[in-house]
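Right, one structure below, let's go through it.
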Amino acid sequence: MERSPPPPAPDRACLRIRGFELDLERRELRSPSGEQALLRRKALEVLLVLAQQAGHVVSKDELMTRVWSPAVVTDDSLTQVVNEIRRLLGDTDRSVIRTLARRGYVLVPGAQAQASELPRRAAAAAHRVSNLPATDPTLFGRDDDVAAVASSLREQRLLTIVGAGGIGKTSLAHAVGRRAVGLFEHGVWWIDLATLSEASQVTPAIAVAAGIELVPGDPLQRLVGGLGERELLLVLDNCEHLVAAVAAVIAAVLDGTRRVRVLATSQVALKLDGEHLHRLGVLGVPPLDASPAEAAAFGAFQLLVRRIAEARQDFELAPAAVPPAIDICRRLDGVPLAIEMAAARIPTLGVNGVHTLLGERLRMLRNVRRMVPSRQETLRATLEWSCSLLSPAELSALRRLSVFAGPFELAHARRVITAPDLDEWAALDALCALVDRSLVRAEGAEPVRYRLLETTRVLAREMLVEAGEADAALQRHSRAMASLWWQIRKAFMSCSDDELLDRFVGSYADMEKAYEYACERADADTAAAVLIGLRSLDQLSGDTLNTPARLPAAHALLPHATGVTRARLLTTIATCGWVRDERLPPRLAAELAVAEWLRLTPPEPMSRSHTLLLLATELAKDGEAERAREVLAQARAVAQTMAHPKVDMITAIHAGHVAMYCGDAVDFLSHMREALDLARKHQATRVACYVQAYLPRAAVMAGDWPAAVALGASALAELRALGQRAFLAQASEALVRALVEADEIERARAEAAQAIALAWEFGLDAEMSADMALLALRLGQHGQAAALVEYARPRGTGPRNALDRLRQALCDRVWSDLEAGAPSIATSGRGSQTRMPSSAEARRLAFEAAGCVNA
Numbered sequence: 000m001e002r003s004p005p006p007p008a009p010d011r012a013c014l015r016i017r018g019f020e021l022d023l024e025r026r027e028l029r030s031p032s033g034e035q036a037l038l039r040r041k042a043l044e045v046l047l048v049l050a051q052q053a054g055h056v057v058s059k060d061e062l063m064t065r066v067w068s069p070a071v072v073t074d075d076s077l078t079q080v081v082n083e084i085r086r087l088l089g090d091t092d093r094s095v096i097r098t099l100a101r102r103g104y105v106l107v108p109g110a111q112a113q114a115s116e117l118p119r120r121a122a123a124a125a126h127r128v129s130n131l132p133a134t135d136p137t138l139f140g141r142d143d144d145v146a147a148v149a150s151s152l153r154e155q156r157l158l159t160i161v162g163a164g165g166i167g168k169t170s171l172a173h174a175v176g177r178r179a180v181g182l183f184e185h186g187v188w189w190i191d192l193a194t195l196s197e198a199s200q201v202t203p204a205i206a207v208a209a210g211i212e213l214v215p216g217d218p219l220q221r222l223v224g225g226l227g228e229r230e231l232l233l234v235l236d237n238c239e240h241l242v243a244a245v246a247a248v249i250a251a252v253l254d255g256t257r258r259v260r261v262l263a264t265s266q267v268a269l270k271l272d273g274e275h276l277h278r279l280g281v282l283g284v285p286p287l288d289a290s291p292a293e294a295a296a297f298g299a300f301q302l303l304v305r306r307i308a309e310a311r312q313d314f315e316l317a318p319a320a321v322p323p324a325i326d327i328c329r330r331l332d333g334v335p336l337a338i339e340m341a342a343a344r345i346p347t348l349g350v351n352g353v354h355t356l357l358g359e360r361l362r363m364l365r366n367v368r369r370m371v372p373s374r375q376e377t378l379r380a381t382l383e384w385s386c387s388l389l390s391p392a393e394l395s396a397l398r399r400l401s402v403f404a405g406p407f408e409l410a411h412a413r414r415v416i417t418a419p420d421l422d423e424w425a426a427l428d429a430l431c432a433l434v435d436r437s438l439v440r441a442e443g444a445e446p447v448r449y450r451l452l453e454t455t456r457v458l459a460r461e462m463l464v465e466a467g468e469a470d471a472a473l474q475r476h477s478r479a480m481a482s483l484w485w486q487i488r489k490a491f492m493s494c495s496d497d498e499l500l501d502r503f504v505g506s507y508a509d510m511e512k513a514y515e516y517a518c519e520r521a522d523a524d525t526a527a528a529v530l531i532g533l534r535s536l537d538q539l540s541g542d543t544l545n546t547p548a549r550l551p552a553a554h555a556l557l558p559h560a561t562g563v564t565r566a567r568l569l570t571t572i573a574t575c576g577w578v579r580d581e582r583l584p585p586r587l588a589a590e591l592a593v594a595e596w597l598r599l600t601p602p603e604p605m606s607r608s609h610t611l612l613l614l615a616t617e618l619a620k621d622g623e624a625e626r627a628r629e630v631l632a633q634a635r636a637v638a639q640t641m642a643h644p645k646v647d648m649i650t651a652i653h654a655g656h657v658a659m660y661c662g663d664a665v666d667f668l669s670h671m672r673e674a675l676d677l678a679r680k681h682q683a684t685r686v687a688c689y690v691q692a693y694l695p696r697a698a699v700m701a702g703d704w705p706a707a708v709a710l711g712a713s714a715l716a717e718l719r720a721l722g723q724r725a726f727l728a729q730a731s732e733a734l735v736r737a738l739v740e741a742d743e744i745e746r747a748r749a750e751a752a753q754a755i756a757l758a759w760e761f762g763l764d765a766e767m768s769a770d771m772a773l774l775a776l777r778l779g780q781h782g783q784a785a786a787l788v789e790y791a792r793p794r795g796t797g798p799r800n801a802l803d804r805l806r807q808a809l810c811d812r813v814w815s816d817l818e819a820g821a822p823s824i825a826t827s828g829r830g831s832q833t834r835m836p837s838s839a840e841a842r843r844l845a846f847e848a849a850g851c852v853n854a
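Here numbering that gives the first Met the number 0 is used: the first residue of the sequence shown is 0, the next is one more, and so on.
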């Protein structure tokens, strides 16, 4: 489009626009108070071009060429600049700068006052009660925050909403401000400091918003004097990049007035006397297994669904899409800005598409709304804005903390941050600064734990790699995690099980990460220490699956290990007695571990006692009853030197295992009851669960079916309440056997329906198959009974210990009854390999006997 010729030069070089004076020669814009106006350079250049051609349309192309050339920008950049000018001039009705569709913009001559008097914006503002938009922002999951901030403002003169970038501070302050309109005689005034870059701009920005003319003189003194006895609320948004200047202005205002209150938003506290903080957290995120109705009660999910619906009116979240939608909210930490960006992508990519791409969130997530600050255009820009405000030491600390996978304690943070460029006290200062700036969250009471939001961690990790510090930070991290094993041991001796898990389970993911890193580097010392700590937590939580998965790496480390490191690796391998590994069977690992601990000086009696107990159990399991009892006696002798009830408890448990494998039902039950009494007395609740799981088995071994049923039912009630699946497998298998033997068939089937899957998951499939063979026999399901017996029989060299012999005896009894009652089935091939079902087939047959045909 051909541009219209420019108008003749104006009679004078200054134009007055809504009380502002635009000096075309000096290329300056001054506010009604005479101060330089708060306008970015590009915005001023656009205004100058429009003023030079006032009354004529200036095309978008010409504006972008004259202001931004040679850079290439989009229409969005121009639109944002024009809107910035309009906001400053108070051009809410667009009468000063008009938009002509598909043509461009025009500065309307009639809006220019050439008279000498200045129509002051300040005077106009004095007749309003607020410069906030008339509509309330829609908030999700923030009712408590709105109520808390509004309540605090009634009592406090200075309240700062503090939180990470994108957390929703502005929206909360806006909502509170809207509710406060009418409560303050002289209004509620919003001042957005985000576009300011100089400390000197803060005072004029407040004055313009509050309708105060700053005549020549000290601007701050004039501001305080202008506020005088007015009763009003100043809402200062985005203070973090000018925090010192903002703090100085607020301090002067509060000291020099009686009825002014201030609500500020910032990533960091202003640190003024009398300041009260409201730390804004993330939105509530529903659990992953929540139903659609349950998920709808959480703010993060509400926000996601609403924003998707706004972008696409026909959108409806299918039930199958609820779990990935919840996980999107979870992986974005419940941060509103990030969730809104994800929602904007869903109409195009779908819920699953966005969920799949979350690993690239810093590239994928961007703001599609117009008129957003540049720092919020992308998720990366938001985080980089926050990081740009950090000192070099704080930025180094943030990078290094990205190696943590979960929450971390102060001591571990200092070990990871501390390096030649930052001593431990500088590391402490940097951590405190990051907490103050809302980039690191402090959680809980004693001990305080710290956490990076996941998206912050992603960016910080990128920066760590770019800085070439990743390997050094990971080494410090793995060594910090290695120190936990001794703390866990001490806590086990002095704390309750629940206290121990509360203290250390938060470090589990970091311990796993440290173990993997140490194994990759063949750092056997670190890996062994971390592994023994992980195994301790697994034992208390009833996890029997994670440690076996780590054993191959432990085996690979043995050639690199000597002394205490080798002893720790061998001990951990020996604790996994149910894992059969031909490279190093548990019994051999226990024998080697005993020898290693015996050679070490100074001796570690607890470790030596533990490995002797493990060896005694393995010997009994292999049928060497006499030698097992001898080794058990040695373990007891070592344990007595420690005279500690927790050591006595562990000794009693292993004594019970030895009795179990040796077939001594009386001693088995006696030792387990002793261990249970000690566990309850010393608040070892998780150990008590473990012991309870074995009590019904002791009664089964004794043939006391009523006692086995009672003990099994009692154990299951407690174990289910705690979610102890591995222990549940033990107790429920014994209960099913007891119920069948007691001829409580329907109850046995009901319990079996829940027990079968657990038995197969935790390696009790042979025992459960024998029980279900007996149940199938009682139900007249002879074919199923025969197949299950074949699966249940001890293989190889036959029964090794009393438990194997009991299972063998049960199988023989079932087969004998089959020969008597169903000879055609029994004679069709006892022991024939063709009748041996697979594990999956045996599981299906077990479920059929339980009445679960489609399981």
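By construction, the Cβ of each residue, glycine as well, lies at the ideal position given by its N, Cα and C atoms. As the structure is a prediction and not an experimental result, all values here were calculated from the model.
Worksheet item: If you draw a straight line from the alpha carbon of A848 to that of D524, how long is it in whole angstroms?
Response: 51 Å
Discussion item. So for V57, helix, strand or coil by DSSP?
Written reply: strand
Worksheet entry | Residues near A469 by beta carbon distance below 7 Å, same chain, minus five either side | L463
Worksheet item: Under 7 Å, do M480 and V529 count as touching if we go by C-beta distance?
Response: yes
Practice prompt. Determine the direct distance from the alpha carbon of S170 to that of V148, and round the result to whole angstroms.
Written response: 12 Å
Worksheet item: On the premise that E590 lies in contact with A566, defined as a C-beta separation below 8 Å, what is that separation, rounded to the nearest angstrom?
Response: That pair is no contact at about 12 Å.
Worksheet item: If A687 and A678 are in contact, beta carbons under 8 Å, what's the gap, nearest whole angstrom?
Response: 4 Å
Discussion item. Since L400 and I416 should fall inside the 8 Å C-beta cutoff, what is the C-beta to C-beta distance between them, to a whole number of angstroms?
Written reply: 7 Å
Worksheet item: According to the neighbour-count rule (16 or more other Cβ atoms, all chains shown, within 10 Å of its Cβ), is G935 buried or exposed?
Response: Nothing about residue 935 can be read from this structure; the chain reaches only from 0 to 854.
Item to complete: Please determine, among D703, A701, A754, the residue with the shortest C-alpha to C-alpha distance to L715.
Response: A754
Worksheet entry | Per DSSP, cross-strand counterpart(s) of Y892 | The displayed coordinates of the chain run from 0 to 854. Any statement about residue 892 would go beyond what the structure contains.
Practice prompt. Identify which residue in T561, G562, G576, V563 has its Cα closest to the Cα of L550.
Written response: G576
Discussion item. Quick test of your reading: A636 and T610, contact by CB under 8 Å. State the CB separation rounded to the nearest angstrom.
Written reply: That belief does not hold up - the Cβ atoms of A636 and T610 are roughly 14 Å apart, past 8 Å.
Worksheet item: Whose C-beta lies closer than 7 Å to the C-beta of V690 among residues of the same chain, with five residues either side of it excluded?
Response: I652, M671, A674, L675, A678
Worksheet item: Under three-state DSSP, which class holds D621?
Response: coil
Worksheet item: To which residues does DSSP link C13 through a beta bridge?
Response: D22
Worksheet item: Per DSSP, what kind of secondary structure is I160 in: helix, strand or coil?
Response: strand
Worksheet item: For chain D, is any of its Cβ atoms less than 7 Å away from the one on T417?
Response: The displayed structure is made up of one protein chain only, and chain D is not part of it.
Practice prompt. My understanding is that W188 touches D236, with C-beta atoms under 8 Å, so please give their C-beta distance in whole angstroms.
Written response: The pair is not a contact, with the Cβ atoms about 11 Å apart (cut-off 8 Å).
Discussion item. Applying the 10 Å Cβ sphere with the 16-neighbour rule, what's the burial state of V350?
Written reply: buried
Worksheet item: Mapping DSSP to helix, strand and coil, what is V593?
Response: helix
Discussion item. On the DSSP letters alone, give me the boundaries of the beta strand (DSSP E) that S129 sits inside.
Written reply: It is not in any beta strand (DSSP E) - S129 carries neither H nor E in the DSSP assignment.
Discussion item. Under DSSP, the beta strand (DSSP E) around D313 begins and ends at which residues?
Written reply: No beta strand (DSSP E) holds D313; DSSP gives it neither H nor E.
Worksheet item: To the nearest angstrom, how far is it from the Cα of R794 to the Cα of A725?
Response: 24 Å
Discussion item. Taking DSSP's pairing of strands, which residues face T264 in a bridge?
Written reply: I160
Worksheet item: To which residues of the same chain is A425 closer than 7 Å at the C-beta, ignoring the five residues directly before and after it?
Response: A392
Worksheet item: In angstroms, rounded to a whole number, what distance separates the CA positions of V457 and D135?
Response: 34 Å
Fill in: R221 versus R582, E408, V252, M492, residue with shortest Cα-Cα distance
V252
Worksheet item: Under three-state DSSP, which class holds T377?
Response: strand
Worksheet item: Pairing CB atoms from the stretch 350–362 with CB atoms from the stretch 418–433, are three or more of them under 8 Å?
Response: no
Practice prompt. Assign A841 to one of three DSSP states: helix, strand, or coil.
Written response: helix
Worksheet entry | Start and end residues, beta strand (DSSP E) containing R440 | 440–442
Worksheet entry | CA-to-CA distance, S837 to S477, given in whole angstroms | 43 Å
Item to complete: Put V281 into one of helix, strand or coil per three-state DSSP.
Response: coil
Discussion item. Looking at the strands, I want to know which residues DSSP matches up with W484.
Written reply: Beta-bridge pairing links W484 to no other residue.
Worksheet entry | Stretch-stretch touch, CB-based, cutoff 8 Å, three pairs: the stretch 340–356 with the stretch 302–313 | yes
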